[in-house]
C-alpha cells in the first residue's frame, strides 16, 4: 500500500511504501487486481480464480456472499461507469471462462446470479461499454451485443495467420476509448509491426490507425492519449485525435516492467505548475487569514495532478504524468515565440471534452496562455490581436480598464482582482496604455509622434470599447453576474459612449437594467450636459422600489406600498403604471392587483385584460388569479367564454381542495344535512289543505337549495365557492356544458351543479330525479319546470307587472312546461307516502293545475285516493275546462258573425262590379300566358292573373 504524495519541492515527487499485505496465494502469480473504491472491495484474479477482498485491509470477504469464481480467463468492469455506481448501487462485471461469458452485478454485500452466453472458443481478454462487449481469443476479436445475444467476428489478432500454422501466439489486448469506441491491437503476419484499429460498437472503423514496433503487452487510455507497453521495457504514447506518436519512453532493463495499468489516480503536487498558475490578489488592503488559506488551497488544488498511468516493475511502481501544457507554452513565450505557443494551445483545445479528466486545469492553462499572449501583443500595440486573445483568456475587464487612466472608473477599481502571478508581473511591467504607446513611439519626431500617438490611443479605445461591449453582452443576462466586473465594465462603457457622442448606445444602456456606479454616472452626465440621459438614468434606477426594499435610505420617505399603489392609480402613463404596478404585485399581490382592478370602467379600459391575465398566471398565487378572474366576470361583466371556463374550473378545484380537508368537509356536510332535515320537517307536517283526513294546510316552500347555499356563504367556505359557481353556471353565457361536466362529476358533492349542466344538455328527466331524490330541492324542481327547464339567476330590481296584462306564453314553452311537470308528478308519485310523496303530489296538483291535464293525471293517481283529496285540483280543472269551453263557444259565435258580414260585403262588391268576361286574348300579367280557365284572380288594379301565379306573387 502506497501513501499519496501531497506536496513536494522536488521536480520528481516520490511516494513511500507504508504497508505490505500477503494475499495467501503462495507462489502463484496474481494476474490482475481490480479496486472498486466505491464498494470498498477489491477483486483479485489468480490461478484462474476470482477472489474478493475488503478495503483497505485486504481481508477476504465471506464466501457465503462472495463465493470464489473458478475457471476465469479474463474479467472487466463496465467502462461506462468510470468508477461510479449504477442506479441500484452496483458495479457491472463481465467474466469470461473457457466456454461461456458471464454478466453479473456486484454490491457491497454480495454478488448477483450471473447471466450467461455461450463462448465456444473462450476468451483471453475482454472489454465492455454498456451492452457492447469485445472479446478476443488467440485468433480473432469478436463483438458481442448483449441485448440481441449475438456474437460477430470482426478482426484477426494476427493479420494473415492461418489456423493450424506455426504463426506466433499473442495475448490480444484491447481498450475502451470513449462511449461506443474501442481500440484493438492487431499484429501483421510477419510480426514486425502492430496496428491499432479504432472501432465503434457496431464494428465499423472510427478513426485512423496507430502503429507500434511490436505487439503491446498492455494498453491504457488517458484521453487524448493512448499509452502502450511494448516488449523491451518500452512505452509509447500516441495522440488519439491525430494518431501521431508523441513520445517514446525507455526504462532501464533493471526495472523489468511487468505491466501497465490505469488507476483512479495518485495525487502529485508540481511546484513548477504552482509557480505559474498561482492566483494573487492585486490590491485591497490586508487579506484575512481565511482568504490566504483559501488561496493556498486553490493553488494546491490546481497544481495537484492525478497520476493515473501506473507502471509496475519487479520491485517498484512508477507513474506517468503528462507535462502540463502551460509549462511548454511558458517556455515558448519567454523566447518570444507567441505564434508557436498559440498553435500548441489550439491543438490542446481540441482535447477538452467530457472524456478528458484534466479539462478544468487545461482551461486554466489556456486562460493563462491567452492572457499572456494578449498582453505581449498589447505591448507591441497590436490591439486587434491583443484584445481578441484577452477576451479568450477571460481576463478581468477591470484590469483592462485600469490601463486607460482617462476612462471612467473608480479609484479602487483593482481591489479584490485575482490574477495569475505571471500575468500580474507582466501588467506591472507594461504600465498604462499611454506608457506603452510612449515606449513604442520614443524614436518618432514630435509632430509625427503626436499624430501616431493620437491614432494609436483612438484605436486602443475603440478595441477596448468593443471588448467591454461584448463582455456586457455575455454577462449582463446571467443570474448572479452583476458583480464588480460588470459594474466596472458598464461604467466604463457609459463614459466611452459619452465621450464618443454615441447617444443611441448611451440611451440603450441607461434604459436597460445596468450596474453602473451611481455617483460616477451622475458626475459624468452632468459634466457632459446630458440632462435627458440623466433623467433616463434616474427613472431606470427605480428609486421608489429601492426605497421600499431598503436598498437605499431616506428618513423623509414614508409612502409605503399602499401609498405607492394609490399614486399609480391616479397616473395616466400606462407603461409607468404597469412597470411599477407589477413590481408592487411581486411585493404584495393584494395591494398590487388593486391597481389592475379599478372600479371605474373608463380606467379599467386602459388595461388589456388578456395581457394582464397572462401576466397573472405566471406571477400570482392561485387565490390572486381567482380574485382577478372574479373581477373580470362579476365586475367587468366579461362575456369571454375562456374567462368563464377558467373561473368555473378554478372554483371546482378550490371546492375539491377544501373537501380534502376533513374540517371543511365536515362543516359543509353539516350545512347540507341541515337543509335536508329542514325539508323533511316540512314534509312530515304536510297533509294537504282542506283534507281532514291528512292534516293541516301546507305552507309553500320558502327557499331553494341555491338560495340556501347563498345564505350560508359567509359561514361555510365551500358554500362560498358553490354559490359563485352556481351563479356562473346559471348565467346566460352560451358555454358548452361538456367542458365542465367531467370535472364536476369528479366531485360527488356537486350534485346541484351537475343538474345545471345536464339541463343545458336537455336531460330533463335526469335533472328532476337528482333534484328530488338527491338534493331534495322540491321548490327548486318546481321552479325548474316553471322556467321550462332553464336555471336563471335572480334579477335584482326586477319590477312585477302589477295590474298590467301578463305577456302571453309561447306555445312551445307551454308544451315543454306540461311535459316537465308531468315528469315531476311521476317522480313525486314514486316517493313513499311517509317521505311526503302524497303531500308533494297534492301540492303540485293544486299549484300547477293549469299545466297538468286532468285526463292524463287521473290515470297516474293511485286508485285508492279519494275524491275529497283531489277536490281542489278537480274543481280548478273543471272550472278551467268549463271556462275554456265557453270561451271557445264565444269565439265561434264571433267568427261566424264576422264571416257573414264579410260575405255580405263580397256579394255587394260582385253586384257593383258586374261579371268578368275572359276571352282567348286575355293573358296572365305574371307569367304572360293565356288565362283560358274559369279559375283566376283579378287584382286591385283590375289585372287578370292565374290563381297559382297570384299565390306565388303573394309569397314573394
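Residue numbers (my numbering): 197 to 1152. All C-beta atoms, glycine included, are put in the ideal place defined by N, C-alpha and C.
Residue 589, buried or exposed, once every other Cβ within 10 Å from all chains shown has been counted against 16
buried
Assign residue 819 to one of three DSSP states: helix, strand, or coil.
Of the three classes helix, strand and coil, the one that applies to residue 819 here is helix, per DSSP.
Do you know how far the Cα of residue 809 is from the Cα of residue 801?
14 angstroms
By alpha-carbon positions, which one of 320, 685, 338 and 702 ends up nearest to residue 328?
338
Leaving aside the five residues before and after residue 718 along the sequence, list all residues of the same chain whose C-beta is less than 8 angstroms from its C-beta, in chain order.
In its chain, beyond the 5 residues on either side, 730 and 733 have a beta carbon closer than 8 angstroms to the beta carbon of residue 718.
Going by Cα to Cα distance, which pick from 1100, 728, 1107 and 824 is closest to residue 703?
728
According to DSSP, residues forming a beta bridge with residue 228
241
Strictly by DSSP, which residues pair up with residue 615?
476
Inspect the beta-carbon positions of residue 297 and residue 290 and report whether they are closer than 8 angstroms.
Yes, these two residues count as a Cβ contact at 8 angstroms.
Cβ-Cβ distance between residue 572 and residue 656 below 8 angstroms:
no
6 angstroms CB neighbourhood of residue 365 in its chain, flanking five on each side removed
334
Among 447, 393, 449 and 398, nearest to residue 422 - alpha-carbon criterion
393
On the criterion of 16 or more Cβ atoms from any shown chain inside 10 Å, does residue 1130 qualify as buried, or is it exposed?
So residue 1130 counts as exposed.
Please state if the CB of residue 249 and the CB of residue 261 are separated by a distance shorter than 8 angstroms.
Not in contact: residue 261 and residue 249 (Cβ atoms no closer than 8 angstroms).
Per DSSP, what are the beta-bridge partners of residue 330 in this structure?
In the DSSP secondary-structure assignment, residue 330 is bridged to 323 and 339.
Run through the DSSP bridge pairs and tell me what residue 390 is partnered with.
383 and 408
With a Cβ-Cβ cutoff of 8 angstroms, do residue 843 and residue 791 count as a contact?
no
With distances taken between CB atoms, is the gap from residue 823 to residue 789 smaller than 8 angstroms?
yes
Below 8 angstroms on the Cβ atoms is my guess for residue 671 versus residue 478; work out the distance and round it to an integer in Å.
About 20 angstroms; that fails the 8 angstroms criterion.
Any idea if residue 325 is buried or exposed, counting beta-carbon neighbours within 10 angstroms, 16 or more meaning buried?
buried
For the stretch 689-697 against the stretch 597-615, are there 3 or more C-beta pairs whose distance is under 8 angstroms?
yes
Residue 443 lies in the alpha helix (DSSP H); which residues open and close that run?
Not the alpha helix (DSSP H): residue 443 falls in the beta strand (DSSP E), residues 441-446.
Proximity to residue 223 [Cα-Cα], best of 586, 242 and 1113
242
Using 10 angstroms around the beta-carbon of residue 858, count the other beta-carbons present and answer buried if the total reaches 16, otherwise exposed.
Within 10 angstroms of the beta-carbon of residue 858 lie fewer than 16 other beta-carbons, which makes it exposed.
In whole angstroms, give me the CA-to-CA distance for residue 1122 and residue 1141.
6 angstroms
Report all residues from its chain with a CB closer than 6 angstroms to the CB of residue 563; omit the five preceding and five following residues, and keep chain order.
589 and 590
Are residue 508 and residue 462 closer than 8 angstroms when you measure CB to CB?
Using a Cβ distance threshold of 8 angstroms, residue 508 and residue 462 do not count as a contacting pair.
Using the beta-carbon count (16 or more within 10 Å), is residue 1144 buried or exposed?
By the 10 Å Cβ count, residue 1144 comes out exposed.
With 16 other CB atoms within 10 Å as the buried threshold, where does residue 592 fall?
buried
DSSP three-state label for residue 377, please.
strand
According to the neighbour-count rule (16 or more other Cβ atoms, all chains shown, within 10 Å of its Cβ), is residue 292 buried or exposed?
buried
Terminal residues of the continuous alpha helix (DSSP H) containing residue 917?
DSSP places residue 917 inside the alpha helix (DSSP H), whose first and last residues are 913-925.
7 angstroms CB neighbourhood of residue 941 in its chain, flanking five on each side removed
950
Identify whether residue 761 lies in helix, strand or coil by the three-state DSSP scheme.
helix
How would you label residue 973, buried or exposed, when you count the other beta carbons within 10 angstroms and need 16 or more for buried?
buried
Residue of 367, 308 and 306 minimising C-alpha distance to residue 318
Out of 367, 308 and 306, 367 has the C-alpha closest to the C-alpha of residue 318.
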